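Residue numbers (my numbering): 5 to 245. Single-structure report; data block below.
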Amino acid sequence: MTSTSVPVAVASWREWAPGLRTLTLAAEPFDFTPGQFVNLALDVEGERVSRSYSLSSAPGAPLETFVVEVAGGALTPGLFALAEGDSLWLDPRPQGHFTLERVPEAEVLWLIATGTGLGPYVSMLRAGEALERFAKVVVVHGVREASHLAYRDELAALDLSWIGLVSREDPPAGALGGRITAALQSGALEEAAGVALDERAHALLCGNPGMIRDLRALLEERGLRRNRPRKPGHFTSEKYW
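In structure tokens:
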């Protein structure tokens, strides 16, 4: 980490499922744009180990991030061992361009994620801009197990369409089974949303690189284009590893 890093304390943990939590930090507030990330670090065996984590809180709210424990990982085993009040390092300089500022005008906003890739969308929705700017918002969250459908109640209470997909067990009521790509190919995803994923929409893709690669290919088959700074398109992606 750089000299800009500051010590912060764990304010609280919320466990959604074993190895899947929301971390809230006791940190001085700073400006960021929903969709951006920060670096967190721990000193491990004399070496400072850092990783990037997207913020799921709205600007001005207690700092929050949605994290999964990686078995054998360099940072998350130590991170998950921290108790309330324990310290870690935060670089409070937000980074990244996976924000609504880069999204061109559209009627429908699709927020498509796997796993903890949902985090940036939670920040965007809590900040309010997504719901104010687009006529319709669709949140798609793909997970392996139903217990991993974090933030479901909060998101389902908003004026949007929430679609959960569970790939490794039977889905709970209100969710679909299988993978996001298969649901798009079969038409089940758009049927559940009540709206098409077409040229009138813009899709944000965040999470597993395999999902992003396959979904980008499917969208391109529909004639949709990747969004670029100088050439606006129909979808924007952010890989998580």
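The beta-carbon is built from N, C-alpha and C at its ideal position, and this holds for glycine as well. What you are looking at is a predicted structure, and each value in this text was computed from that prediction instead of being measured.
Whether residue i touches residue j by CB criterion (7 Å)
{"i": "A21", "j": "W93", "result": "no"}
{"i": "G123", "j": "S54", "result": "no"}
{"i": "H238", "j": "L228", "result": "yes"}
{"i": "G64", "j": "P98", "result": "no"}
{"i": "V71", "j": "L27", "result": "yes"}
{"i": "R156", "j": "R172", "result": "no"}
Nearest neighbour of residue i, chosen from the options [CA to CA]
{"i": "A31", "options": "V48, E19, P11", "result": "P11"}
{"i": "P81", "options": "L159, A221, R25", "result": "R25"}
{"i": "K235", "options": "V42, P108, G77", "result": "P108"}
{"i": "V48", "options": "F239, V142, Q40, S91", "result": "S91"}
{"i": "A200", "options": "S241, A78, V112", "result": "V112"}
{"i": "A117", "options": "V74, V170, E225", "result": "V170"}
{"i": "T120", "options": "P213, A205, A177", "result": "P213"}
{"i": "E51", "options": "N43, A78, E73, L29", "result": "A78"}
{"i": "Y57", "options": "L83, D202, P33", "result": "L83"}
{"i": "M215", "options": "D202, P233, S190, E242", "result": "E242"}
{"i": "Q40", "options": "A154, A197, R18, L67", "result": "L67"}
{"i": "L86", "options": "A13, H145, D157, V126", "result": "A13"}
{"i": "G89", "options": "V42, W17, M128", "result": "W17"}
{"i": "T69", "options": "G76, D95, V42", "result": "V42"}
Supposed contact pair residue j and residue i - C-beta distance, whole angstroms, cut 8 Å
{"i": "A15", "j": "P38", "result": "Contact doesn't hold; Cβ gap of about 20 Å is too wide."}
{"i": "N231", "j": "R106", "result": "7 Å"}
{"i": "L208", "j": "L219", "result": "Rounded, the Cβ-Cβ distance is 11 Å, inconsistent with contact."}
{"i": "L135", "j": "L164", "result": "7 Å"}
{"i": "V143", "j": "L115", "result": "5 Å"}
{"i": "A179", "j": "G168", "result": "4 Å"}
{"i": "H206", "j": "A139", "result": "Contact flag wrong, Cβ pair sits at about 12 Å."}
{"i": "R183", "j": "G146", "result": "6 Å"}
Proximity test, residue i beta-carbon vs the ligand GTP heavy atom, cut-off 6 Å
{"i": "V112", "result": "Summarising the ligand content, the structure contains no ligands, and the ligand GTP is consequently not present."}
In DSSP terms, what residue i is bridged to
{"i": "S151", "result": "For S151, which the question treats as bridged, DSSP gives no partner whatsoever."}
{"i": "H206", "result": "L113"}
{"i": "L24", "result": "A21, V72"}
{"i": "Q99", "result": "F41"}
{"i": "S190", "result": "Looking at the DSSP assignment, S190 forms no beta bridge with any residue, so it has no partner."}
{"i": "S165", "result": "V142"}
{"i": "G181", "result": "V170"}
List in chain order: all unbroken alpha helix (DSSP H) runs of 4+ residues lying wholly within the stretch 26-95. 80-84
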